[in-house]
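Chemist: Our numbering applies: residue 1 is where the sequence shown begins, and numbers increase by one. Can you read through this structure? Questions will come right after.
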Amino acid sequence: MSRIAYVNGQYVPHKEASVHIEDRGYQFADGVYEVIPIIAGKMIDADGHLDRLWRSMNELRIEEPMKRRPMELVMREVLRKNGVETGLIYMQVTRGVAPRDHPFPADAFPSLVMTAKKTSLEKSARKAEEGVAVVTVPDIRWQRCDIKSVSLLPNILAKQEAVEKGAYEAFQVDEDGMVTEGSSTNAWIVDQDGTLITRPTNNSILAGITRAALLDLLEKNKIKFELRAFSKEELLNAREVFLTSSSSYVQPVIKVDDVVIGNGKPGSIATNLRTVFKEYMEN
Ligand code: PDD
1 MSRIAYVNGQ YVPHKEASVH IEDRGYQFAD GVYEVIPIIA GKMIDADGHL DRLWRSMNEL
61 RIEEPMKRRP MELVMREVLR KNGVETGLIY MQVTRGVAPR DHPFPADAFP SLVMTAKKTS
121 LEKSARKAEE GVAVVTVPDI RWQRCDIKSV SLLPNILAKQ EAVEKGAYEA FQVDEDGMVT
181 EGSSTNAWIV DQDGTLITRP TNNSILAGIT RAALLDLLEK NKIKFELRAF SKEELLNARE
241 VFLTSSSSYV QPVIKVDDVV IGNGKPGSIA TNLRTVFKEY MEN
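Shown next, in the form of structure tokens:
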């Protein structure tokens, strides 16, 4: 089955899918996006992702390219046309095509692009069984990290540093020595007393949908947690470390920079939470 993309009202072969060179997403990174996990053919937390997409558009005053209902239909159609049972939907809205000029164009129509791809749950499970390494990098991003903008240069530089050091992710650390989040994930620790800690949402991190779903599950299962910023020192001294995102689900971390976390194996809390989260997604 060849891949199909949705581009501004049309379903086109993936390899021919394109937008104009003066799309403001291309020229100014003037756009927002979402990544939605698909398990057993179903979108996980689609409402949360669409709420966040609308919030991102509102914060940047990008017009909606279509109403929410028809957008959901397009999402389903993209999934169907690509035969995705397990994978991800990527969707991006930009301010549209207009002659290059910094202020908002008067009459551009927002662009909407969607793709879907298959991913392997087995590969992800293997990674979770082994655990992954993380490096720390300075957080050099802007002050509106709550907006899921396609303007991701600091994030890709951080991820590249991780890759070059043989790590899976880079956790960003602010000027006060506090961990903000990963380059494309939210960061969590379990301290030596067994308390789960993750940073509260404000403009310094993205309000992860996986993070929110996991917090709900913790509450339902009466597992205590603290919503507070934690320092790089706490990270390095944690009993367990893990990260969450729509593409990584719950992923145990076994090494941060040169420091081995716990006994160098995925921690029991992170591993259990991954199982709880998997059940949540499957049901
Ligand atoms: N990234 N923080 C950042 C900076 C992110 O880019 C992401 C998601 C998250 C986790 O959010 P969620 O749980 O809603 O996926 C946190 C996606 C997966 C990406 O850019 O590919």
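Positions of the beta carbon are idealized from the N, C-alpha and C atoms, including for glycine.
Work out the CA separation of Phe230 and Thr195 for me, nearest whole Å.
Modeler: Their backbone Cα atoms lie some 12 Å apart in a straight line.
Chemist: Whose CB is closer than 5 Å to a heavy atom of the ligand GTP? List the residues in chain order.
Modeler: No copy of the ligand GTP occurs in the structure displayed; its ligands are the ligand PDD alone.
Chemist: In angstroms, rounded to a whole number, what distance separates the CA positions of Thr275 and Gly267?
Modeler: For Thr275 and Gly267, the distance between alpha carbons rounds to 13 Å.
Chemist: Taking a contact to mean a Cβ-Cβ separation below 9 Å, would you say Ala29 touches Val113 in this structure?
Modeler: Going by C-beta atoms, Ala29 is not nearer than 9 Å to Val113.
Chemist: Put Asn263 into one of helix, strand or coil per three-state DSSP.
Modeler: In this structure, Asn263 counts as coil in the three-state DSSP scheme.
Chemist: Taking the alpha carbon of Met57 as the reference point, which residue from Lys232, Arg100, Lys117, Gly25 has its own alpha carbon closest?
Modeler: Nearest option by C-alpha distance: Gly25.
Chemist: Return the CA-CA distance between Glu129 and Glu164, expressed in angstroms with no decimal places.
Modeler: C-alpha separation (whole angstroms): 22 Å.
Chemist: Pair every Cβ in the region 111-126 with every Cβ in the region 74-82, then say whether three or more of these pairs are closer than 8 Å.
Modeler: Because the criterion of three Cβ pairs below 8 Å is met, the region 111-126 and the region 74-82 touch.
Chemist: Using 8 Å as the cut-off, can you tell me whether the region 121-135 makes contact with the region 245-256, which would need three or more C-beta pairs spanning the two stretches below that distance?
Modeler: Yes, they touch.
Chemist: Could you pull the DSSP bridge partners for Trp54 from this structure?
Modeler: The partner list for Trp54 (beta bridge, DSSP) is empty, contrary to what the question assumes.
Chemist: Beta strand (DSSP E) containing Ser124: first to last residue?
Modeler: Note, Ser124: premise wrong, no beta strand (DSSP E); alpha helix (DSSP H) at 121-130.
Chemist: Rounded to whole angstroms, how far is the Cβ of Val93 from the Cβ of Ile62, which I believe are closer than 8 Å?
Modeler: So it is a contact: roughly 6 Å between Cβ atoms.
Chemist: Can at least three beta-carbon pairs, one atom from the region 34-49 and one from the region 240-252, be found at a separation below 8 Å?
Modeler: With the cut-off at 8 Å, the region 34-49 and the region 240-252 touch.
Chemist: List the residues that DSSP assigns as beta-bridge partners of Glu240.
Modeler: Answer is Val190, bridged to Glu240.
Chemist: Go to Ile36, then tell me how far its alpha helix (DSSP H) extends in each direction, as first and last residue.
Modeler: Looking at the DSSP string, Ile36 is not in any alpha helix (DSSP H); the run it does join, the beta strand (DSSP E), is 31-39.
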